[in-house]
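Some notes on the structure that comes next.
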Amino acid sequence: MSFLTVNMMLGKSFLLNCEIFFVTLLLSLPLGLLLSFGSMSRIKPLSWISRLYVYLMRSTPLMLQLAVVYYVPGFLNPGHILPRMTAACLAFVLNYAAYFSEIFRGGIQGIPKGQQEAGQVLGLTKGQIFRNITLLQLIKRIVPPIGNEVITLVKDTSLANFIMVKEVIAMAKEFGNKAMIWPLFYTGIFFLIFNGVVTLLLNRTERKLSYFQ
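Throughout, the working numbering is defined as the position within the sequence shown, counted from one, plus 730.
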């Protein structure tokens, strides 16, 4: 099998990694923000449930969560299982939302309360204070830690092969079964390029937000 053919097959499989990555970011960021509000809520049951969820997601391996999301629905309702990609994306969203929620919570609580009190003195509503005072500073504070999670997410997408999603690592393993070991190491180039692009975008974002320093 030629190098070009192997490269094309690996590239096609890597598109699944990219799909998991973008779906996870698109859904887990807003879900994480909602979870952070729930964790900080004065409604005790809501706060307890949110914190328990975050604890469970952060304290158990992502591979175990993938197995639960994919296999448990079939046990509860025999004959009805989620498609592998759907299960993978769902597990990643649920997992990363928990991590993002803690970043959001730390960022919000790190903003001096005096600024919120000043907004109240000016007659601003809670929504206006959040949009005009808290949100912009929050973005500046959370970009570095979220950037670390995003870079980790790029690499974690390979864990989807645990439930037989044929992403790039799974495809490379198939070549390994055919006595072609180099594709397995070659997949590192895909992750290096993707993470390189992500890092450049994150650095550019941080520079644009430098006016808060």
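Even for Gly, the Cβ is constructed at its ideal location relative to N, Cα and C.
Coarse secondary structure for residue i, derived from DSSP in three states
i, result
"residue 780", "helix"
"residue 842", "coil"
"residue 772", "coil"
"residue 896", "coil"
"residue 825", "helix"
"residue 885", "helix"
"residue 760", "helix"
"residue 811", "coil"
"residue 864", "helix"
"residue 739", "helix"
"residue 890", "helix"
"residue 874", "helix"
"residue 854", "coil"
"residue 908", "coil"
"residue 787", "helix"
"residue 939", "coil"
Whole-angstrom distance between residue j and residue i, CA atom to CA atom
i, j, result
"residue 779", "residue 827", "14 angstroms"
"residue 876", "residue 887", "16 angstroms"
"residue 979", "residue 808", "Coverage of the chain is limited to positions 731 through 943, which leaves residue 979 absent and any answer about it impossible."
"residue 767", "residue 786", "18 angstroms"
"residue 792", "residue 744", "20 angstroms"
"residue 835", "residue 763", "8 angstroms"
"residue 831", "residue 784", "8 angstroms"
"residue 804", "residue 794", "16 angstroms"
"residue 879", "residue 770", "22 angstroms"
Cβ-based neighbour list, residue i, same chain, cut-off 7 angstroms, excluding 5 preceding and 5 following
i, result
"residue 736", "905 and 913"
"residue 818", "750, 796, 890, 893 and 895"
"residue 921", "884 and 885"
Own chain residues within Cβ distance below 8 angstroms of residue i, not counting five before or after
i, result
"residue 897", "743, 744, 746, 747, 750, 887, 888, 890 and 891"
Contacting residues, own chain, Cβ-Cβ under 6 angstroms from residue i (five flanking each side not counted)
i, result
"residue 837", "868, 871 and 872"
At a cut of 8 angstroms, does the stretch 855-872 reach the stretch 794-810 through at least three beta carbon pairs? The stretch 794-810 and the stretch 855-872 do not touch, with fewer than three beta-carbon pairs separated by less than 8 angstroms.
Between the stretch 814-828 and the stretch 749-762, can you find at least three pairs of beta-carbon atoms closer than 8 angstroms? Cβ pair count under 8 angstroms is three or more, so yes.
Pairs of beta-carbons, one from the stretch 914-931 and one from the stretch 887-903, closer than 8 angstroms: are there three or more? Three or more Cβ pairs closer than 8 angstroms define a contact, and the stretch 914-931 meets that threshold against the stretch 887-903.
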